[in-house]
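Residue numbers (the working numbering): 54 to 226.
Quick reminder that beta carbons are idealized off the backbone N, C-alpha and C, glycines included.
To keep things clear, I will list the structure first and then write my remarks on it.
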Amino acid sequence: MKNLRNFKLQSMINAPDSITFLNLLCGVSSIIFSMNSMFREAALAILLAALFDYLDGKTASMLRMKTDFGKELDSIADVVSFGVAPFVFGLSYIEYDAFLLISSAFFVICGAARLARYNIMNYKQGFLGMPITMNAFIFPLIYFLALPDIVYPIAYALAGFLMVSSIRFRRLS
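Structure follows, in structure tokens:
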């Protein structure tokens, strides 16, 4: 067991982690916007979270500041911004029924499981299962294209399945 005296939080947070906190704040903002029926702002906050998620990774690589703390913090921010925020968005935006509740709950569980699996694997050839960040584009796109409400539960179920699947996804960066 590691000595807890060596874990001073302020000494563990670096520049990339500060960007990760912006991702997290965007996710929390999206949830608040959704709960207040500000759906355009909620969708934009999810998209902005994706930008910060991209920037924190690039910054960590560029500055050679990849840490275990940063990896865990990134996963927490991602599950909020790309799992919980789209979940709350859908439940706030459309009239929900059993199909929406079950598919969206499945979606959040799969998102968390996907990140847990990613954190313990050392898979270098891209991604195993759809990256949770892809949800930052799926759900705002459904909203901005004004697709029928039935698309949301179908998208939750499909995205959930893809996140925990063994399908290989290439890295885009």
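Does residue i come out as helix, strand or coil in the three-state DSSP assignment?
{"i": "residue 198", "result": "coil"}
{"i": "residue 217", "result": "helix"}
{"i": "residue 116", "result": "coil"}
I think residue i touches residue j, with their Cβ atoms under 8 Å apart; what is that distance to the nearest whole Å?
{"i": "residue 24", "j": "residue 102", "result": "This structure does not reach residue 24, given that the chain is present from 54 up to 226, and the question cannot be answered."}
{"i": "residue 189", "j": "residue 100", "result": "6 Å"}
{"i": "residue 153", "j": "residue 107", "result": "Between residue 107 and residue 153 the Cβ distance is about 29 Å, and since that is not below 8 Å, they are no contact."}
{"i": "residue 130", "j": "residue 76", "result": "4 Å"}
{"i": "residue 142", "j": "residue 87", "result": "5 Å"}
{"i": "residue 145", "j": "residue 90", "result": "7 Å"}
Would you mind working out which of the options sits nearest residue i, comparing C-alpha positions?
{"i": "residue 123", "options": "72, 179, 94", "result": "72"}
{"i": "residue 109", "options": "215, 155, 68", "result": "68"}
{"i": "residue 181", "options": "98, 221, 92, 74", "result": "221"}
{"i": "residue 209", "options": "84, 106, 139, 132", "result": "139"}
{"i": "residue 213", "options": "135, 128, 84, 78", "result": "135"}
{"i": "residue 187", "options": "125, 146, 132, 120", "result": "132"}
{"i": "residue 167", "options": "150, 217, 75", "result": "217"}
{"i": "residue 119", "options": "215, 70, 219", "result": "70"}
{"i": "residue 207", "options": "84, 150, 224", "result": "150"}
{"i": "residue 137", "options": "121, 201, 192, 223", "result": "192"}
{"i": "residue 183", "options": "155, 201, 219, 203", "result": "219"}
query = Taking three-plus beta-carbon pairs below 8 Å as touching, is the region 167-177 in contact with the region 189-200?
reply = no
query = Is there contact between the region 155-162 and the region 104-118, where contact requires at least three CB pairs shorter than 8 Å?
reply = no
inquiry  = Threshold first: 4 residues or longer. Then list the alpha helix (DSSP H) segments lying entirely within the region 123-187, N to C.
reply    = 138-146, 151-173
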